[in-house]
Amino acid sequence: MTATILVVEDELAIQELIALNLKKAGHLVLCAETAEQAVKMSNSVLPDLVLLDWMLPDMSGLEFARKLRREERTKDIPIIMLTARTQESDKISGLDAGADDYITKPFSPRELLARIKAVLRRRLPEMSDEVIEIGGLKLDPVTHRVYAQANDNNIKPEKLLLGPTEFRLLHFLMTYAERVHSRTQLLNRIWGDHVFIEDRTVDVHIRRLRKSLESVGKEHLVQTVRGTGYRFSVEKSEESVE
Ligand code: CA
Numbered sequence: 000m001t002a003t004i005l006v007v008e009d010e011l012a013i014q015e016l017i018a019l020n021l022k023k024a025g026h027l028v029l030c031a032e033t034a035e036q037a038v039k040m041s042n043s044v045l046p047d048l049v050l051l052d053w054m055l056p057d058m059s060g061l062e063f064a065r066k067l068r069r070e071e072r073t074k075d076i077p078i079i080m081l082t083a084r085t086q087e088s089d090k091i092s093g094l095d096a097g098a099d100d101y102i103t104k105p106f107s108p109r110e111l112l113a114r115i116k117a118v119l120r121r122r123l124p125e126m127s128d129e130v131i132e133i134g135g136l137k138l139d140p141v142t143h144r145v146y147a148q149a150n151d152n153n154i155k156p157e158k159l160l161l162g163p164t165e166f167r168l169l170h171f172l173m174t175y176a177e178r179v180h181s182r183t184q185l186l187n188r189i190w191g192d193h194v195f196i197e198d199r200t201v202d203v204h205i206r207r208l209r210k211s212l213e214s215v216g217k218e219h220l221v222q223t224v225r226g227t228g229y230r231f232s233v234e235k236s237e238e239s240v241e
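Taking numbering that gives the first Met the number 0, the leading residue of the sequence shown gets 0, the next gets one more, and so forth.
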């Protein structure tokens with residue numbers, strides 16, 4: 000699981016140590032020493048997760064966590080607070096401010112990586128490497144392959160031909176099967192909140208995805224929910240497939 004992680008920590012020795020360990024684990028790392036720098040960085044690249052020090056020079060980590068939660072673009076980013084404090088009340092205010100977890104300094108790199116993995120798995124399951132099987136489709140995130148099982152089990156599963164965006168779209172929809180996603184949600188999560196992409200782009204890729212699914216008779220799995228968005232469902236759609 001590779002994630003883009005923003006490390007907000009003003010103690011450079013700790014910042015470097017964290018960055019080194021995250022890179023070794025295969026993550027992409029962005030570093031900031033102040034809340035102001037962190038805001039600038041997340042404006043250009045939206046991180047998958049923020050590691051946030053409790054005490055920053057220009058703003059408390061707590062305030063910064065609240066700020067991230069308030070803004071539409073950053074409100075869903077998982078946050079892990081780094082704190083030297085051990086008082087229970089601080090941990091609670093950290094979680095109240097919207098942090099997903101907290102780590103008390105000093106911590107081992109192994110503990111840090113384990114916490115990150117746990118938070119990512121919980122908050123961003125579409126980043127997981129686990130194979131998903133639903134509705135006769137089997138998607139493998141590691142090999143980027145999707146197989147369709149025919150209704151007759153004696154027939155060999157057929158490999159689906161999908162472009163990279165259609166693959167990610169299908170992965171996301173299958174991860175959250177039965178849940179409805181708006182076009183904006185899909186844009187943010189799959190295209191990485193790129194502001195120059197229009198909502199209609201989603202429809203184009205949904206159409207391409209359905210076309211590939213059609214070749215194996217599974218196009219009914221990707222459904223349009225009128226006025227709302229799209230969902231992956233094994234249940235029959237009440238609405239017609241557009
Ligand atoms: Ca600090």
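Glycine is no exception: its CB is placed at the ideal position from the N, C-alpha and C atoms.
How many Å lie between Glu-241 and Pro-163 at the Cα? Here Glu-241 scores only 48 on pLDDT, less than 50, and its place in the model should not be relied on; the value that follows carries that caveat. So the alpha carbons of these two residues sit roughly 22 Å apart.
Please classify Phe-195: is it buried, with 16 or more other beta-carbons within 10 angstroms of its beta-carbon, or exposed? exposed
Output the distance between the C-alpha atoms of Ser-43 and Leu-29, rounded to the nearest integer angstrom. 11 Å
Would the C-beta of Met-58 count as close to ligand 1, meaning under 7 Å from any of its heavy atoms? no
Only counting the same chain, and skipping five residues up and downstream in sequence, which positions put a Cβ closer than 6 Å to that of Leu-21? Answer for Leu-21: Ile-4 and Val-28, listed in chain order.
Assuming Glu-218 and Arg-225 are in contact, meaning their beta carbons sit under 8 Å apart, how far apart are those beta carbons, in whole angstroms? Not quite, the Cβ-Cβ distance comes to about 17 Å (not below 8 Å), so this is no contact.
What residues sit near ligand 1, counting only those whose C-beta is closer than 5 Å to one of its heavy atoms, in chain order? The chain-ordered list of residues whose CB is nearer than 5 Å to some heavy atom of ligand 1 reads Asp-9, Asp-52 and Met-54.
Going by DSSP in three states, Glu-241 sits in which element: helix, strand or coil? Any answer about Glu-241 is weak, because its pLDDT of 48 lies below 50 and its placement is not dependable; what the coordinates show is given next. Correct three-state label for Glu-241: coil.
Please confirm if the stretch 169-179 is in contact with the stretch 120-134, defined as three or more CB-CB distances below 8 Å between the two stretches. yes
Please list the segments of the beta strand (DSSP E) lying wholly inside the stretch 77-145, counting only runs of 3 or more residues, in order along the chain. 78-82, 100-103, 131-133 and 136-139
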